[in-house]
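Okay, structure first, notes after.
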Amino acid sequence: MKSRVLIGLLLLGSLAAACGDDTPNTPSPASSSVTFTAALLPSSEVPPISGTEANGSGTATLTFNVTRDSAGNISAATMDATISVTGFPAGTALTASHIHPGAAGANGGILVSLGLAAGEVAFSTGSGSFTRQGITVPVDQANAILANPAGFYLNIHTAANPGGVARGQLTRTQ
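When you read off a place in the sequence shown, starting at 1, and then add 120, the result is the number in my numbering.
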């Protein structure tokens with residue numbers, strides 16, 4: 121009889137210990153990433169580019185790294201960007217690169233800058249690539265881009281084409 125009581129007490133104690141955790145069960149923020157691409161073409165600029173830089177092209181891959189709160193809302197966002205170009209004149213130097221709001225055929229103001237300094241990225245052969253990581257994207261802008269990527273474009277700028285030399289609408293790939 122004593123052994124049954126002892127086993128019962130041990131079982132009851134084990135159950136009480138398992139249920140007695142005072143630590144709240146709040147989920148930690150979740151991180152995820154979303155990837156976009158853009159085909160950069162001088163003919164997609166508004167107006168289209170002519171002259172020696174009109175034969176260039178490129179691709180952009182943008183990865184948004186987002187943190188979500190326990191309700192699933194984005195609470196922080198950064199972006200990693202890789203831009204590759206080809207077919208530009210030898211010695212072409214970029215002066216800037218940005219994400220802008222605007223559907224195909226429409227121009228918009230700067231939304232997110234990739235933070236290039238004028239001439240920082242130069243392509244001695246007219247081809248090459250560069251990467252930027254950890255670019256802070258305000259939460260409202262990240263939400264807008266995630267909700268409607270086709271309503272935004274990325275472009276690159278040169279001294280010869282300060283308004284933009286090649287542009288592409290964002291397309292979600294992941």
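From the three backbone atoms N, C-alpha and C, an ideal C-beta is built for every residue, glycine too.
Just verifying my parser: in three-state terms, what is the DSSP assignment at residue i?
i: G248; result: strand
i: D189; result: coil
i: L266; result: helix
i: P221; result: strand
i: P162; result: helix
i: G178; result: strand
Mark residue i as exposed unless 16 or more other C-beta atoms lie within 10 angstroms of its C-beta, in which case mark it buried.
i: S217; result: buried
i: G283; result: exposed
i: G288; result: buried
i: A242; result: exposed
i: E240; result: exposed
Quick one: what's residue i bridged to in DSSP?
i: T198; result: N185, T256
i: T212; result: F243
i: I203; result: A180, F250
i: F157; result: Phe is not the amino acid found at residue 157; the sequence shown has Thr there. T181, T291, per the DSSP bridge assignment.
i: A226; result: Note: A226 sits in no beta bridge, so no partner.
i: A150; result: R188
i: S233; result: H218
If you follow the beta strand (DSSP E) that residue i is in, where does it begin and where does it stop?
i: I276; result: 272-278
i: A286; result: 286-289
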